[in-house]
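Student:
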Amino acid sequence: MAAAREVATAELLVTEGIRAGTVYFLGEERAVIGRSEGCDVVIPDPWISGRHAAVERRGDELWLVDLDSRNGTFLEGRPVREAALQADAKVAFGHTQATLRAVGRAPGVPQQAAAVRYLADAEKLVAPGAGDAAADPVRRQLSALQAVARALVDAADLDESLGRILATVAAAVGAERSSLLLLDAHGALVPRVHLPPDAPPRLSASVVAAAARGRAGFLVTDARHDARFAAAQSVVFHGIRSCLCVPIWAEGRMLGMLVLDRGLVKPFTADDLDLVTAVAYHAALAIERARLQDHARTVDQQRRRLLRHFSPDVANLILSKSGLKEDPLSASVREDATMLFSDVRGFTGLTERLPPLELAQLLREYLSEMTKALFEERGTLDKFMGDGLMAVFGVPVAQPDDPVRAVRCATLMRARLAGLNARLPEDRRLAVRIGINTGRVVAGSFGTPERLEFTVLGDAVNVAARLETLAEPGAICVGESTWERTRDHFTYRLLGERTVKGRTAPVRVYELVDA
18 MAAAREVATA
28 ELLVTEGIRA
38 GTVYFLGEER
48 AVIGRSEGCD
58 VVIPDPWISG
68 RHAAVERRGD
78 ELWLVDLDSR
88 NGTFLEGRPV
98 REAALQADAK
108 VAFGHTQATL
118 RAVGRAPGVP
128 QQAAAVRYLA
138 DAEKLVAPGA
148 GDAAADPVRR
158 QLSALQAVAR
168 ALVDAADLDE
178 SLGRILATVA
188 AAVGAERSSL
198 LLLDAHGALV
208 PRVHLPPDAP
218 PRLSASVVAA
228 AARGRAGFLV
238 TDARHDARFA
248 AAQSVVFHGI
258 RSCLCVPIWA
268 EGRMLGMLVL
278 DRGLVKPFTA
288 DDLDLVTAVA
298 YHAALAIERA
308 RLQDHARTVD
318 QQRRRLLRHF
328 SPDVANLILS
338 KSGLKEDPLS
348 ASVREDATML
358 FSDVRGFTGL
368 TERLPPLELA
378 QLLREYLSEM
388 TKALFEERGT
398 LDKFMGDGLM
408 AVFGVPVAQP
418 DDPVRAVRCA
428 TLMRARLAGL
438 NARLPEDRRL
448 AVRIGINTGR
458 VVAGSFGTPE
468 RLEFTVLGDA
478 VNVAARLETL
488 AEPGAICVGE
498 STWERTRDHF
508 TYRLLGERTV
518 KGRTAPVRVY
528 ELVDA
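Be aware that the sequence shown starts at 18, since it is given in our numbering, and climbs by one per residue.
1. From the DSSP output, in three-state form, read off Arg362 for me.
2. Less than 6 Å between C-beta atoms, sequence neighbours within five positions excluded: which residues of the same chain meet that for Ile60?
3. Residues in the same chain with beta-carbon distance under 7 Å from Lys390, minus the five sequence neighbours each way, listed in chain order, please.
4. Which of helix, strand or coil does DSSP assign to Asn454?
5. Here's the rule: buried if 16 or more other CB atoms are within 10 angstroms of the residue's CB, otherwise exposed. What is Pro420?
6. On the criterion of 16 or more Cβ atoms from any shown chain inside 10 Å, does His312 qualify as buried, or is it exposed?
7. Considering only the alpha carbon of each residue, which of Ile453, Leu197, Leu441 and Leu379 lies closest to Ala482?
8. Given a cut-off of 8 Å, decide if Arg450 and Asp360 are closer than it, judged by their beta-carbon atoms.
9. Drop a sphere of 10 angstroms on the beta-carbon of Ala354, count the other beta-carbons inside from all chains shown, and report buried for 16 or more, exposed for fewer.
10. Using 10 angstroms around the beta-carbon of Leu198, count the other beta-carbons present and answer buried if the total reaches 16, otherwise exposed.
11. Quick one: what's got a C-beta closer than 7 Å to Val207's C-beta in the same chain, skipping five residues either side?
12. Pick from Val170, Thr32 and Asp171: whose alpha carbon is nearest that of Val108?
13. Less than 8 Å between the CB atoms is what I'm expecting for Leu484 and Val473, so what's the real figure, rounded?
14. Specify the secondary structure class of Phe463 as computed by DSSP and reduced to three states.
15. In chain order, what residues of the same chain have a beta carbon less than 6 Å from the beta carbon of Ala423, not counting five sequence neighbours either side?
16. For Asn479, which of Arg457, Glu46 and Asp291 has the nearest alpha-carbon?
17. Determine which residues share a DSSP beta bridge with Glu470 and list them.
18. Leaving out five residues on either side along the sequence, give the residues of the same chain with a beta carbon under 7 Å from the beta carbon of Arg68.
19. For Ala492, which of Arg515, Leu529, Asn438 and Gly461 has the nearest alpha-carbon?
20. Nearest-angstrom Cα distance between His242 and Gly94?
21. In whole angstroms, give me the CA-to-CA distance for Ala295 and Trp80.
22. Which word fits Phe401, buried or exposed, when buried means at least 16 other C-beta atoms lie within 10 angstroms of its C-beta?
23. Can you tell me which of Gly519, Leu367 and Ala488 puts its alpha carbon nearest to the alpha carbon of Arg610?
24. Given Asp404, which residues of its chain have a CB within under 7 Å of its CB, disregarding the five upstream and five downstream residues?
25. DSSP has Arg431 in a bridge; who is on the other side?
26. Is it buried or exposed, Val350, if we count other Cβ atoms within 10 angstroms and call 16 or more buried?
27. Where are the alpha helix (DSSP H) runs, 4 residues long or more, that stay fully inside the stretch 373–438, in chain order?
28. Write down the C-beta distance between Arg525 and Glu497 rounded to the nearest angstrom, noting that I regard them as a contact closer than 8 Å.
29. For Gln129, which residues of its own chain have a beta-carbon under 8 Å away from its beta-carbon, when the five flanking residues on both sides are left out?
30. Quick one: residues in its chain with C-beta nearer than 6 Å to the C-beta of Leu469, no 5 flanking neighbours on either side, listed in chain order?
31. Taking 7 Å as the cut-off, is the beta-carbon of Leu391 closer than that to any non-hydrogen atom of the ligand NAD?
32. Figure out for me which residue from Ala205, Ala216 and Gly89 has the closest Cα to the Cα of Ser195.
33. Nearest CA to the CA of Asp29: which residue from Met387, Val72 and Leu384?
34. Tell me, please, which residues DSSP counts as bridged to Pro96.
35. Compare the beta carbon distance of Leu292 and Val186 with 8 Å and say whether it is the shorter of the two.
36. In the DSSP assignment, find the alpha helix (DSSP H) that holds Glu46 and state where it starts and stops.
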């Protein structure tokens, strides 16, 4: 392969005009600048001649040569026929200004001039105060979109983001008043942000409706003499003249509308409509991103609430069924909930014999094993009560086998406790008793606004708690309603009818018989 040839690497950076921000690499010997496609550096400035000027190498110097251009070639503000160039020289052709820079030699640059846009140059050229961007539609759009991009990244919330986007586009097109409308829950377009902020929005319902129906941006040069809107009361009342109305769309859905207006002295142009249309796309991105973030945040908060009571599987099942349309923990009546109460028999004696920290560790291990058993059967942890536990099956999502799973959970809890006891000294082993009952309850979050707790209330809950106190250590007692729903799955013996505290009618009690 032939070695790379050393060539001149002078660069021409366009700083003002239709190609602002573009860097042209100049050829080794001569680069012709002009509007014609045959030139080495093509700049479509109508004030530049077809073949306007050339940069050519003469020995170790670069020279700027005017090619009999119609409007002249300038170096450092002075017209020239030909002149030697130094690095950072300021040159001008028509309405285009440029800087010659990086004069030197380096391998690998092609003979034919090429054009690029350096990011650093683009940032400088579209920055505020970098010249008259309004005179160049392309540069103005770049500047506006850069400001919009910053708003998308830096804004703390949706309102701040939309406010900055609206302020950017209003300044870019010179709007006197502007509004950004969003669809509300009823499908109506309502102002979310508007400028000036201390004045009411100035909107034409007929223009907005026309843009929404047509799914296209509207440019109205003079609304008072436009046959489509001249008779509209809002146009007459607000004195709306030149108006831009552009829908904000995302994936075939209208999210809102950008509405801008100003007086007739300097009406909006097609370039203004193009700019507002581009900004509307970015506004849609901001809205969609904010809504996705809000949705994700709400789902996460809901899941965190649910995980306080339910296993991850149950929490996901609840969210899949209820979504975010309703609160799954709001109060409601459930006809067939099954409650499970468990309690450690003789725990009070342990509190007398064990040091507090050892007792706390033992209780943590015990409750951890009980909770694992509960979540394996997809039960709901209602609350811990010292050494006791209250669980519910069938709330907030009911399953046909809730009573069966409750009894199966009780047997699993006994098995888990047996495994724990096998690791403990004999004087620290625990015995659990369990009561289960099925019936009608009110389930939901109860308490004060500052502290709400999910629980179930009703006679069926009270009976389950009393059944646990009737059980012997290691026994599982169930009420008649639970027995009726599970007798085909488990074996029981009837203990008889018992009177329980807080209830006038006796309760028929069944004890689970080990297989």
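For every residue, glycine included, the Cβ atom is placed at its ideal position computed from N, Cα and C.
Tutor: A quick look at the data gives this:
1. Residue state, collapsed to three classes: strand.
2. Closer than 6 Å at the Cβ level, and outside the excluded window around Ile60, lie Arg36 and Thr113.
3. A quick correction: the sequence has Ala, not Lys, at residue 390. Taking C-beta separations shorter than 7 Å and ignoring five residues to either side along the sequence, the partners of Ala390 in its chain run Cys426, Leu429, Met430 and Arg433, following chain order.
4. The answer is strand: DSSP assigns Asn454 an E or B state.
5. Under the 10 Å beta carbon count, Pro420 is surrounded by 16 or more other beta carbons and is classified as buried.
6. By the neighbour-count rule (16 or more Cβ atoms within 10 Å), His312 is not buried but exposed.
7. Looking only at Ile453, Leu197, Leu441 and Leu379, the smallest Cα-Cα distance to Ala482 is reached by Ile453.
8. Yes, the pair counts as a contact, with Cβ atoms nearer than the cut-off.
9. That one is buried.
10. Burial call: buried.
11. Leu198, Leu199 and Asp201, listed in sequence order.
12. Looking at Val170, Thr32 and Asp171, the one whose alpha-carbon comes closest to that of Val108 is Thr32.
13. Actually they are not in contact, since the Cβ atoms of Leu484 and Val473 sit about 15 Å apart, beyond 8 Å.
14. Of the three classes helix, strand and coil, the one that applies to Phe463 here is strand, per DSSP.
15. Cβ within range, chain order: Thr355, Leu357, Phe410 and Ile453.
16. Closest by C-alpha distance to Asn479, out of Arg457, Glu46 and Asp291, is Arg457.
17. Note: Glu470 is bridge-paired with Phe463 in the DSSP secondary-structure output.
18. Result list for Arg68: Val49, Gly51, Ser53, Cys56 and Leu84, in chain order.
19. Per the Cα distances, Leu529.
20. Per-residue confidence for His242 stands at a pLDDT of 49, beneath the threshold of 50, marking its modelled position as unreliable; the derived number appears in the next sentence. Looking at the two C-alpha atoms, the distance is approximately 46 Å.
21. Their Cα atoms are separated by approximately 42 Å.
22. Taking all protein chains shown into account, Phe401 has fewer than 16 neighbouring C-beta atoms within 10 Å of its C-beta and is therefore exposed.
23. Past the edges of the chain, shown from 18 to 532, lies residue 610, and the structure says nothing about it.
24. Sequence-distant partners of Asp404 (beyond 5 residues in either direction) whose C-beta falls short of 7 Å from its own C-beta, in its chain, are Asp360, Val361, Phe364 and Leu380.
25. Checking the DSSP bridge columns, you'll see Arg431 has no partner listed.
26. Burial call: exposed.
27. Runs found: 373–393.
28. The pair is a contact, with the Cβ atoms about 4 Å apart (cut-off 8 Å).
29. Confidence in Gln129 is poor, its pLDDT being 46 and thus under 50, which makes the residue's placement too unreliable to answer from.
30. Answer for Leu469: Ser462, listed in chain order.
31. Inclusion of the ligand NAD in the displayed structure is not the case, the ligand content being empty and no account of it being possible.
32. Nearest of Ala205, Ala216 and Gly89 to Ser195, Cα basis: Ala216.
33. Here the sequence assigns Leu to residue 29, which means Asp is not the residue at that position. Selected option, being the one with the closest Cα: Val72.
34. Residue pairing for Pro96: DSSP places it in a beta bridge opposite Phe91.
35. Yes. Within cutoff.
36. No residue range can be given for Glu46, since it is assigned to no alpha helix (DSSP H) and is classified by DSSP as neither H nor E.
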